[in-house]
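As given, the protein sequences belong to chains Y and U, one line each in that order. Counting from 137, one number per residue, gives the positions in the first sequence under the numbering used here. Counting from 28, one number per residue, gives the positions in the second sequence under the numbering used here. Backbone N, C-alpha and C fix where the C-beta goes; we use that ideal spot for every residue, glycine too. Please read these numbers as outputs of a predicted model, since none were measured by experiment.
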Amino acid sequence: MHEDPSPSDETSLGYPSELLAADQSYESVTETIASVVLTKPQPRVWFFGFAIAFSLLMVFLFAVSYLLLRGVGIWGINIPVAWGFAIVNFVWWIGIGHAGTFISAILLLLFQQWRTAINRFSEAMTLFAVACAGTFPLLHLGRPWVFFWILPYPDTMGVWPQFRSPLVWDVFAVSTYFTVSLLFWFLGLLPDLATMRDRAVNRPQRLFYGILALGWRGSAVHWQRHQSAYLLLAGLAAPLVLSVHSVVSFDFAVAIVPGWHSTIFPPYFVAGAIYSGFAMVLNIVIPVRKIYKLESVLPMRYLNNMANVMLATGIMVAYGYFIEAFMAWYSGDIYDRFMMFNRAFGPYGWVFGLLMLCNVIVPQALWSKRVRRNTASLFIVALFINVGMWLERFVIVITSLHRDFSPSAWSMYYPTIWDWATLMGSIGLFLSLLFLFIRLMPMISISEVRELVAEPWKRKARA
Amino acid sequence: MRTGLYGLVAEFERHEDLLKAAREACRAGYRRMDAFAPFPVQGLPEALGRKRSRMPALFLAGGILGGTGAYFMEWYANVVSYPLNIGGRPFHSWPSFIPITFELTVLGAALAGFFSCLALNGLPRLHHPIFGVPGFERASVDRFFLCIETADPKFHPVGTRRFLETLHPFRIAEAQA
Chain Y
137 MHEDPSPSDE TSLGYPSELL AADQSYESVT ETIASVVLTK PQPRVWFFGF
187 AIAFSLLMVF LFAVSYLLLR GVGIWGINIP VAWGFAIVNF VWWIGIGHAG
237 TFISAILLLL FQQWRTAINR FSEAMTLFAV ACAGTFPLLH LGRPWVFFWI
287 LPYPDTMGVW PQFRSPLVWD VFAVSTYFTV SLLFWFLGLL PDLATMRDRA
337 VNRPQRLFYG ILALGWRGSA VHWQRHQSAY LLLAGLAAPL VLSVHSVVSF
387 DFAVAIVPGW HSTIFPPYFV AGAIYSGFAM VLNIVIPVRK IYKLESVLPM
437 RYLNNMANVM LATGIMVAYG YFIEAFMAWY SGDIYDRFMM FNRAFGPYGW
487 VFGLLMLCNV IVPQALWSKR VRRNTASLFI VALFINVGMW LERFVIVITS
537 LHRDFSPSAW SMYYPTIWDW ATLMGSIGLF LSLLFLFIRL MPMISISEVR
587 ELVAEPWKRK ARA
Chain U
28 MRTGLYGLVA EFERHEDLLK AAREACRAGY RRMDAFAPFP VQGLPEALGR
78 KRSRMPALFL AGGILGGTGA YFMEWYANVV SYPLNIGGRP FHSWPSFIPI
128 TFELTVLGAA LAGFFSCLAL NGLPRLHHPI FGVPGFERAS VDRFFLCIET
178 ADPKFHPVGT RRFLETLHPF RIAEAQA
């Protein structure tokens, strides 16, 4: 893979001094991004990839239909491990859904201009990942068709949700996160939808983008409100993104199960979420960049920045593992000590070993600039991290539950074919939505790239 | 009332020219005008004589409404309407009400901000006279437009056109109402 041609473009802290090539114009960046959707024939690999994703989606629908028919007994869950794959997958997906808002909101507030190239894409990824995440707790309810019982509404039974339960907090956290992410994404997309409408080459395109663009005409006054609202939404989304995985971690930390009842959970979960989110962004952006030849708007150094974020959050996650083990020992609590021993050397010890390999050992390769600046090696490391983060949630959920206080209640958990079908199927749902997004929407914010073209001073990153 | 004409539109190739033109027009006393650009041009609303937007206040109002509404809902549900003893904890366990209060504060602010942004901009809207201007489809790509509306008290079909010509636009067109 190609090395960055001019490493001397960087400032002393490693930021690029220019974010876009000097010869880019409004027209050229618009064409590069819009033509992928409007005029260029889709590459064969798109159809191939969509076929696989859609087949997996069918597996998902099949598995869910069978679940609705037979109930959660088709899964491997039982007492004591009542939270099987459903919760593992939920936490994994919601974690993946963190990079989008992190990239969009926090990097926007920090004036990191390189976010422009990936924010739209990772926001879409966030929405789809949260959609996947949201299905699992609902399916895990056993009777998903009465899911609305968890919502506060004056029902005829005279019953209200129990607001002291973290599981109810979760409903609000996840649905708020999804809604705010959707609004943020759509607001950013609005001016680009107008561009798509104006460049449409046939009537169906004009109608489709015209309706979605809501009549946007680029008025200076509209832009002023739009920019103000966008920035404020970013400001709201920044604490929100930190709160969502904190609330998810309360599902565990508020319980008294050894291995869950720990104050490190919120920050450790948030770091892990950003870690896996960036890994997923890289796993998707690297092939897309190659297939659609987006190297000019998505230069190698952006990937390098993402790798740096992964390295940093990976170290925080590793610190979390260390502190968990240390506190188990230091607390002197017999159950905590046993939990840690059982986690590392018990029947699921091999999962723990794999977790350490994927999440702690392999990512250390990112210290090397050669690994960070090579798309193939970066892709592989990101893949390891995605698998590792899934294993982490497996370790937290299953090894904590399967042997808790009373040995008479100990038991093993084995996933069934339906557990695997639902997990793989949810990946199909995610990828299908992603393929459709690539096909239908400009995957990079055109108006923001235009700003970079217009104001060269903005291209200078802060040293 | 001049029927048929909505305004005169000058087209520019660079955003700096549009900015300068907007300032000139403002100085010449025009107020009912608007500028159109493919990206937010810094200082353009001020150049048109517009004040700062009210968006922050609307976000704040939505946030306050969401937060107080959430806390009230939790209090009413768990203290008044359906008190439930959970491990002997007080009915009004305020610390456990905070996460949802936070989430709904953010949700209220975001919904209020998003929808008031659309509403104040008058969107969605099916048609606008400016879309009839030839070449306006490039306003979302690489052209910049200044429109002085006939509704402006200083508007004059010939005088305003003369004035726009002094700004050296790429071209001048009429927007039909």
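Quiz prompt | Within 8 Å, strictly: CB atoms of Phe575(Y) and Val227(Y) | solution = Counted from its first residue, the first sequence places residue 575(Y) at position 439. Counted from its first residue, the first sequence places residue 227(Y) at position 91. According to the sequence shown, residue 575(Y) is Arg rather than Phe. In this structure, Arg575(Y) sits away from Val227(Y), with a CB-CB distance that is not shorter than 8 Å.
Quiz item: Do we get a CB-CB distance below 8 Å when we pair Glu259(Y) with the residues of chain U?
Solution: Here residue 259(Y) refers to the residue found at position 123 of the first sequence. It does not: the Cβ of Glu259(Y) has no partner Cβ on chain U nearer than 8 Å.
Exercise. With DSSP as the reference, label Ser142(Y) as helix, strand or coil.
Key: On the first sequence, position 6 is the one that residue 142(Y) refers to. Here the model assigns Ser142(Y) a pLDDT of 41, short of 50, so the residue's position is not dependable and the matter cannot be decided.
Quiz prompt | Simplified DSSP state of Ser143(U), which is helix, strand or coil | solution = Position 116 of the second sequence, counting from 1, holds the residue named residue 143(U). DSSP places Ser143(U) in helix when its eight states are reduced to three.
Practice problem: Sort out for me which residues DSSP pairs Gln203(U) with in a bridge. | Solution: As a working mapping, residue 203(U) is identified with position 176 in the second sequence. Leu32(U), per the DSSP bridge assignment.
Quiz item: At a Cβ cut of 8 Å, what residues of the segment 332-345 of chain Y count as close to chain U, listed as they run along the chain?
Solution: Arg333, Asp334, Arg335
Quiz item: For the candidate residues Met548(Y), Gly346(Y), Gly294(Y), whose alpha-carbon lies nearest to that of His209(U)?
Solution: One cannot answer for residue 209(U) here, as it falls past the ends of chain U, which runs 28 to 204.
Quiz prompt | Rounded straight-line distance, which links the Cα of Val282(Y) to that of Gly207(Y) | solution = In the first sequence, residue 207(Y) corresponds to position 71, counting from 1. In the first sequence, residue 282(Y) corresponds to position 146, counting from 1. Taking the straight line joining both Cα atoms gives about 14 Å.
Self-check item: Pro402(Y): contacting residues in chain U (beta-carbon distance under 7 Å)
Solution: Mapped onto the first sequence, residue 402(Y) falls at position 266. Those within 7 Å of Pro402(Y) in chain U number zero; the least Cβ separation is about 11 Å.
Exercise. Check the C-beta distance from Ala370(Y) over to Ser240(Y) and give it rounded, since I have them as a contact under 8 Å.
Key: Start at 1 with the first residue of the first sequence, and residue 370(Y) comes out as number 234. Start at 1 with the first residue of the first sequence, and residue 240(Y) comes out as number 104. The pair is a contact, with the Cβ atoms about 7 Å apart (cut-off 8 Å).
Exercise. Output, in sequence order along the chain, the residues in the segment 220-250 of chain Y whose CB is closer than 7 Å to any CB in chain U.
Key: none
Quiz item: Beta carbon of Gly354(Y), beta carbon of Pro151(U): below 8 Å?
Solution: Here the question's residue 354(Y) lines up with position 218 in the first sequence. Here the question's residue 151(U) lines up with position 124 in the second sequence. No, Cβ-Cβ distance for Gly354(Y) and Pro151(U) is not below 8 Å.
Exercise. Output, in chain order, the set of chain Y residues within a Cβ distance shorter than 7 Å of His195(U).
Key: Translated into positions along the second sequence, residue 195(U) becomes position 168. Result: empty, since nearest Cβ-Cβ is about 20 Å, beyond 7 Å.
Quiz item: Within the 8 Å Cβ cut-off, does Asn105(U) reach chain Y?
Solution: Along the second sequence, read from residue 1 onward, the residue named residue 105(U) stands at position 78. Asn105(U) counts as touching chain Y.
Quiz item: Hey, how far is the Cα of Ser385(Y) from the Cα of Val133(U)?
Solution: As a working note, residue 385(Y) is residue 249 in the first sequence. As a working note, residue 133(U) is residue 106 in the second sequence. If you draw a straight line from the Cα of Ser385(Y) to the Cα of Val133(U), it is about 19 Å long.
Exercise. Tell me whether Leu197(Y) counts as near the ligand HEM, meaning its Cβ is closer than 7 Å to at least one heavy atom of that ligand.
Key: Because no ligand of any kind appears in the structure shown, any question about the ligand HEM cannot be addressed here.
Exercise. Just tell me which of Ile392(Y), Tyr484(Y), Pro327(Y) has its CA closest to the CA of Ile361(Y).
Key: Here residue 361(Y) corresponds to residue number 225 of the first sequence, with the count starting at 1. Reading off the sequence shown, one finds Arg at residue 361(Y), where the question assumed Ile. Closest option to Arg361(Y), Cα to Cα, is Pro327(Y).
Quiz item: Per DSSP, what kind of secondary structure is Met476(Y) in: helix, strand or coil?
Solution: Here residue 476(Y) refers to the residue found at position 340 of the first sequence. DSSP, reduced to helix, strand and coil, places Met476(Y) within a helical segment of the structure shown.
Quiz item: Closest by CA to Ile422(Y), which one among Trp486(Y), Phe458(Y), Arg509(Y), Ile213(Y)?
Solution: Along the first sequence, one-based indexing puts residue 422(Y) at 286. Out of Trp486(Y), Phe458(Y), Arg509(Y), Ile213(Y), Arg509(Y) has the C-alpha closest to the C-alpha of Ile422(Y).
Quiz item: Looking at the C-beta of Ile580(Y), does it have a partner C-beta in chain U at a distance below 8 Å?
Solution: Start at 1 with the first residue of the first sequence, and residue 580(Y) comes out as number 444. Cβ-Cβ to chain U under 8 Å: no for Ile580(Y).
Quiz prompt | 6 Å CB neighbourhood of Pro141(Y) in its chain, flanking five on each side removed | solution = Here the question's residue 141(Y) lines up with position 5 in the first sequence. Unreliable placement is indicated for Pro141(Y), whose pLDDT of 41 sits below 50; the coordinate value is still reported in the next sentence. If you ignore the 5 residues before and after Pro141(Y), its C-beta comes within less than 6 Å of no other C-beta in its own chain.
Quiz prompt | Cβ shell of Ala590(Y) (< 8 Å), same chain only, five flanking positions each side left out | solution = The residue you call residue 590(Y) lines up with position 454 of the first sequence. The residues are Tyr162.
Exercise. Name, please, each residue of chain Y whose Cβ falls closer than 9 Å to the Cβ of Asn112(U).
Key: For this step, residue 112(U) is matched to residue 85 along the second sequence. Within chain Y, no residue comes near Asn112(U); the closest Cβ sits about 11 Å away, beyond 9 Å.
Quiz item: Counting contacts by CB-CB distance shorter than 8 Å, is Cys53(U) in contact with chain Y?
Solution: As a first step, residue 53(U) is located in the second sequence; it is residue number 26 there, counting from the start. It does not; no Cβ of chain Y falls within 8 Å.
Quiz item: Taking 8 Å as the CB-CB cut-off, is Thr175(Y) touching chain U?
Solution: Here residue 175(Y) refers to the residue found at position 39 when the first sequence is read from its first residue. Not an interface residue.
Quiz item: Quick one, are the C-beta atoms of Ile91(U) and Gln298(Y) less than 8 Å apart?
Solution: By one-based count along the second sequence, residue 91(U) stands at place 64. By one-based count along the first sequence, residue 298(Y) stands at place 162. No, Cβ-Cβ distance for Ile91(U) and Gln298(Y) is not below 8 Å.
Practice problem: Given a cut-off of 8 Å, decide if Ile213(Y) and Gly220(Y) are closer than it, judged by their beta-carbon atoms. | Solution: Working through the first sequence from its first residue, we reach residue 220(Y) at position 84. Working through the first sequence from its first residue, we reach residue 213(Y) at position 77. Yes, the pair counts as a contact, with Cβ atoms nearer than the cut-off.
Exercise. For Ile127(U), return the contacting residues in chain Y, with the cut-off set at a CB-CB distance below 7 Å.
Key: Numbered from its first residue, the second sequence carries residue 127(U) at position 100. Per Cβ cutoff of 7 Å: Phe299, Trp305, Phe308.
Quiz item: Which runs of the beta strand (DSSP E), 3 residues or longer, sit entirely within the segment 44-80 of chain U?
Solution: 60-63
Exercise. Could you name the residues of chain U that Glu92(Y) contacts, counting a contact when the two beta carbons are closer than 8 Å?
Key: Residue 92(Y) lies beyond the range of chain Y shown here (137 to 599); nothing can be said about it.
Quiz item: Would the segment 455-462 of chain Y and the segment 187-194 of chain Y be scored as touching if the rule is three or more Cβ pairs under 8 Å?
Solution: no
Quiz item: Roughly how many angstroms lie between the CA atoms of Asn444(Y) and Ile400(Y), to the nearest whole one?
Solution: Within the first sequence, the letter at position 308 stands for residue 444(Y). Within the first sequence, the letter at position 264 stands for residue 400(Y). Each residue's alpha carbon lies about 23 Å from the other.
Quiz item: Roughly how many angstroms separate the alpha carbons of Phe158(U) and Thr193(U), rounded to a whole number?
Solution: Taking the second sequence and counting its residues from 1, one reaches residue 158(U) at position 131. Taking the second sequence and counting its residues from 1, one reaches residue 193(U) at position 166. Approximately 24 Å, taken between the alpha carbons.
Practice problem: Helix, strand or coil for Ser301(Y), going by three-state DSSP, please let me know. | Solution: The sequence position of residue 301(Y) within the first sequence is 165, counting from 1. Ser301(Y) falls in the coil class under three-state DSSP.
Quiz item: Are the C-beta atoms of His358(Y) and some chain U residue less than 8 Å apart?
Solution: As a first step, residue 358(Y) is located in the first sequence; it is residue number 222 there, counting from the start. Answer yes: the Cβ-Cβ gap between His358(Y) and chain U drops below 8 Å somewhere.
Quiz item: Of the choices Tyr404(Y), Leu323(Y), Ala235(Y), Thr331(Y), whose alpha-carbon is the least far from that of Ser364(Y)?
Solution: Here the question's residue 364(Y) lines up with position 228 in the first sequence. The candidate whose alpha carbon is nearest that of Ser364(Y) is Leu323(Y).
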